[in-house]
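Residue numbers for the sequence shown follow this note's numbering, beginning at 4 and rising by one. Structure first, commentary second.
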Amino acid sequence: MGQQIKLPSNRLSEHAASIARHAADLKVKTPSYLGYSTGSAQSLQYGLSEIAEGLNGFDSAVRKESENLRNIEKAMVEEEKKLAHFIAQAIKG
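Structure, rendered in structure tokens:
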């Protein structure tokens, strides 16, 4: 009866840590010093700037998601402990 019941919830925190480490890699920077020879080049630069701003929003979204995963894991660990205690009590009789 001395065996400890352990469930695999800590995998979530591993994924969350990995996601958070690489969140900064998602940032895209476009140079603002480009010269424009035609209106279409200016339009292209404007479009790329909008895309870069949208992609930079991913950084905060990924960080928030990794924090959510950590919170989920904490809740799962607590529930697993309760379940393990319940099972141990049921086995004891």
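Ideal Cβ placement from N, Cα and C applies to all residues, glycine included. Bear in mind that the values here come from a model prediction, so they are computed numbers and not experimental data.
With a contact defined as Cβ atoms closer than 8 Å, S52 and A23 miss out at about 27 Å.
Look at G96 here: in three-state DSSP terms it is coil, with no helix or strand label.
The C-beta of L72 has 16 or more other C-beta atoms within 10 Å across all chains shown, which makes the residue buried.
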